[in-house]
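K.L.:
Pasting in a structure now, in structure tokens, and then I'll have a few things to ask.
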Amino acid sequence: MAASLPLFGRLPAIGTARNGGGQAAEQRIEELIDALLAQDYRNIPPSLGGRVGARLVELGKALEAAARASADQIVETSIRTSQAAGHVATLSVPANELNVSAQSMAAAVEELAASIADIHRFSERIASEAGDMRQAVDTSSESARESIRQFGELATMVREAMAEVQALGEASSEIGGIVETIEAIASRTQLLSLNATIEAARAGESGRSFAVVANEVRTLAQQTAEATEDIRARIEALVTRVSQITQTMGRGESIAEAGQEAIGQLGQQVEEVGVKAAGVTENIGQVSEILSQQTAAVQEMGEGIGKVARMAALNLEAVTGLVEVTKALEQSAARGLSRIAATEFPGKILRLAMADHALWMRRLVGVVHGELKLREDELASHHSCRLGKWYYGGDSGPYRELAAFRALEDPHRRVHELGKEIVVLVNEGRMEEALERIDAVREASEEVIRLLRELAREAGE
């Protein structure tokens with residue numbers, strides 16, 4: 000297709016004849032100069048008469064080539080800026096997440112180190128208390144052994160005392176036997192004294208002295224019998240008391256033996272507690288040592304994570320700097336596009352479409368890394384963007400039979416559909432899925448740019 004495809008309509012053909020000769024040439028030169036001053040390079044004639052006319056044609060063609068080259072450069076800058084911004088966006092989200100995670104991890108490690116230090120101090124205190132407990136258990140064990148010994152001595156003393164009491168009981172019984180003998184003697188003495196009194200009475204006056212003696216003997220026997228009865232009662236009470244004491248001391252001996260056994264069991268339990276306390280003390284000591292090692296390890300890990308956190312912060316700062324650089328490039332490209340829009344040359348609309356599409360992609364990237372806040376309905380459809388208006392409008396008529404033009408619709412539609420999906424995902428906080436869509440929309444966008452370039456090549460622009 001020739002380079003004279005109508006895009007925005009044609010200016011009147013340069014060189015319209017008003018008169019013949021010099022006036023016609025002068026008019027054509029003035030019209031060319033007016034077109035060049037208006038930066039309209041669409042209808043530069045192949046030649047003009049005279050040396051000045053030929054140089055003006057050369058100047059016009061040079062200006063047209065310069066405008067096209069400038070437009071190509073600005074379009075390329077826009078495309079590269081959009082691509083760089085896309086890569087920066089892909090990098091900024093994980094960089095930000097890495098920075099947040101690293102800072103959180105650093106804070107968590109600090110808290111962990113503080114917690115381990117607290118546990119270490121607590122374990123040392125427990126170890127100290129366990130040592131005190133072990134000492135107390137040893138003291139209790141020694142006290143239990145001493146109690147066992149004393150209970151044993153008490154039981155021995157109770158048994159010895161009970162033997163003495165039993166001997167006393169036996170002696171009391173023997174005394175009881177003697178009392179019975181005395182009682183029998185007293186009874187016989189009383190009987191003999193009674194017989195003697197009777198015999199003295201028979202003897203009359205000669206037996207009176209003997210009767211007095213016999214009466215005294217009978218009185219003594221009577222007193223002996225009474226004393227013997229009292230002694231008997233006392234001995235019986237003593238025997239009863241001795242028996243009670245024996246029973247009581249027997250119970251005391253049983254209690255002492257039971258106490259000795261109980262203290263023995265307690266001593267054994269205390270010994271077992273001592274063994275366990277020793278094990279606990281040893282284990283706590285090992286735990287304290289491990290915690291000491293862990294404290295050093297966590298401190299070392301904290302230093303490493305601190306470095307990672309600082310590097311992550313620097314990385315995020317660098318990515319943010321790249322974002323600012325792409326913004327500056329975008330602004331520079333936008334100013335260049337304004338200059339292109341003010342210039343007329345064949346193929347301008349296709350170059351504007353490329354640049355505008357790249358800037359649309361840059362805007363979408365801005366949504367991903369948080370520069371812009373958009374709703375789904377704020378993104379233009381593939382019918383209402385500048386490329387869509389040209390594609391479905393009348394100005395694209397001369398291009399519609401070209402293969403690249405027909406292939407352009409599908410990737411252009413996918414770019415806008417994926418863009419709207421990305422906005423929805425970002426607004427819902429589903430950043431990983433949004434980044435996955437960024438790769439897909441980038442591929443579709445690169446296909447759009449490729450087809451626009453192919454279209455310009457097929458059209459000879």
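Residue numbers for the sequence shown follow numbering that gives the first Met the number 0, so the first one is 0 and each next one is one higher.
By construction, the Cβ of each residue, glycine as well, lies at the ideal position given by its N, Cα and C atoms.
Alpha helix (DSSP H) containing R350: first to last residue?
P.N.:
Its alpha helix (DSSP H) spans residues K347 to V367.
K.L.:
Would you kindly work out how many angstroms separate the C-alpha atoms of A443 and E25, rounded to a whole number?
P.N.:
Each residue's alpha carbon lies about 52 Å from the other.
K.L.:
Out of G396, L371, M360 and V367, point me to the one whose CA is closest to H381's CA.
P.N.:
For H381, the nearest C-alpha among the options comes from M360.
K.L.:
Reducing DSSP to helix, strand and coil, say where E343 ends up.
P.N.:
Here E343 sits in strand by DSSP.
K.L.:
Within a Cβ cutoff of 8 Å, which residues of the same chain sit near V440, ignoring the five residues on either side of it in sequence?
P.N.:
Within the same chain, V440 has close Cβ partners M360, L363, R413, V414, L417, G418 and I421.
K.L.:
Apart from the five residues on each side of it in sequence, which residues of its chain come closer than 6 Å, Cβ to Cβ, to A12?
P.N.:
Note on A12: pLDDT 39, under 50, position unreliable in the model; the coordinate value appears next. Answer for A12: no residue qualifies.
K.L.:
Would you tell me roughly how many angstroms separate the C-alpha atoms of E110 and S103, rounded to the nearest one?
P.N.:
So the two alpha carbons sit approximately 10 Å from each other.
K.L.:
Out of G176, F344 and G278, point me to the one whose CA is closest to M132's CA.
P.N.:
Residue G278 is the option with its Cα nearest to M132.
K.L.:
Evaluate Y390 with the Cβ neighbour count: other Cβ atoms within 10 Å of its Cβ, from every protein chain shown; 16 or more gives buried, anything less gives exposed.
P.N.:
Looking at its Cβ environment, which holds 16 or more other Cβ atoms inside 10 Å, Y390 is buried.
K.L.:
Quick one: residues in its chain with C-beta nearer than 7 Å to the C-beta of G49, no 5 flanking neighbours on either side, listed in chain order?
P.N.:
These residues qualify, in order along the chain: A24.
K.L.:
What's the C-alpha gap between R309 and V108?
P.N.:
Whole-angstrom Cα-Cα distance: 15 Å.
K.L.:
Exposed or buried, which one is D229 when buried takes at least 16 other CB atoms within 10 Å?
P.N.:
Result: exposed.
K.L.:
Nearest-angstrom Cα distance between P5 and G320?
P.N.:
Legend: pLDDT at P5 = 34, less than 50; position of this residue unreliable, value from coordinates given subsequently. Taking the straight line joining both Cα atoms gives about 44 Å.
K.L.:
Can you give the Cα-Cα distance for T462 and A112, rounded to whole angstroms?
P.N.:
Because the chain here runs from 0 to 460, residue 462 falls outside it and cannot be looked at.
K.L.:
Could you compute how far the alpha carbon of T15 sits from the alpha carbon of P44?
P.N.:
With a pLDDT of 41 at T15, under the threshold of 50, the modelled position of this residue cannot be trusted; read the value that follows with caution. When rounded, the distance between both Cα atoms is 12 Å.
K.L.:
Who does D39 pair with in a DSSP beta bridge?
P.N.:
In the DSSP output, where bridge partners are listed per residue, D39 has E343.
K.L.:
On the premise that T188 lies in contact with A213, defined as a C-beta separation below 8 Å, what is that separation, rounded to the nearest angstrom?
P.N.:
Contact doesn't hold; Cβ gap of about 10 Å is too wide.
K.L.:
Spatial neighbours of A70 within its chain, please: CB distance less than 6 Å, with the 5 preceding and 5 following residues excluded, ordered by chain position.
P.N.:
Only I339 and R350 meet the Cβ criterion.
K.L.:
Would you kindly work out how many angstroms separate the C-alpha atoms of L454 and N42, rounded to a whole number?
P.N.:
Cα-Cα distance, rounded: 21 Å.
K.L.:
Distance check for T76 and S331, CA to CA, integer angstroms please.
P.N.:
Spanning the two alpha carbons is a distance of roughly 9 Å.
K.L.:
Since P47 and L55 are thought to touch, with beta carbons under 8 Å apart, how far apart are those beta carbons, to the nearest angstrom?
P.N.:
In the sequence under discussion, the amino acid at residue 47 is Leu, which differs from the Pro named in the question. The pair is a contact, with the Cβ atoms about 6 Å apart (cut-off 8 Å).
K.L.:
May I ask which residues mark the beginning and end of the alpha helix (DSSP H) holding R412?
P.N.:
R412 -> alpha helix (DSSP H) spans A402 to N426.
K.L.:
Could you check what DSSP says for L454 in three-state terms: helix, strand or coil?
P.N.:
Reduced to three states, the DSSP call for L454 is helix.
K.L.:
Can you give the beta carbon distance from A341 to Q38, rounded, assuming they're within the 8 Å contact cut?
P.N.:
With 8 Å as the limit, A341 and Q38 qualify as a contact, their Cβ atoms being about 6 Å apart.
K.L.:
Quick one: is A499 buried, meaning 16 or more other Cβ sit within 10 Å of its Cβ, or exposed?
P.N.:
Outside the shown range of the chain (0 to 460) lies residue 499, about which nothing can therefore be said.
K.L.:
Can you tell me where the alpha helix (DSSP H) holding K388 begins and where it ends?
P.N.:
Taken as a continuous stretch (DSSP letters only), the alpha helix (DSSP H) holding K388 covers R385 to Y391.
K.L.:
How close, in whole Å, do the beta carbons of S122 and I283 come, if the pair is a contact with beta carbons under 8 Å?
P.N.:
Their Cβ separation, rounded to whole angstroms, is 6 Å, which keeps S122 and I283 in contact under 8 Å.
K.L.:
So, does the region 243 to 251 touch the region 152 to 169, judging by three or more C-beta pairs under 8 Å?
P.N.:
Yes, the region 243 to 251 is in contact with the region 152 to 169.
K.L.:
For V447 versus L407, is the C-beta distance shorter than 8 Å?
P.N.:
Contact: yes.
K.L.:
Would a C-beta distance cut-off of 8 Å place S186 and A224 closer than the cut-off?
P.N.:
Cβ atoms of S186 and A224: closer than 8 Å.
K.L.:
Taking only three categories from DSSP, how would you classify P397?
P.N.:
Of the three classes helix, strand and coil, the one that applies to P397 here is helix, per DSSP.
K.L.:
May I have a chain-ordered list of the beta strand (DSSP E) segments no shorter than 3 residues that lie completely inside the region 181 to 252?
P.N.:
Within the region 181 to 252, no complete beta strand (DSSP E) run reaches 3 residues.
K.L.:
In whole angstroms, what is the alpha-carbon distance linking R148 and M248?
P.N.:
Roughly 19 Å between the two C-alpha positions.
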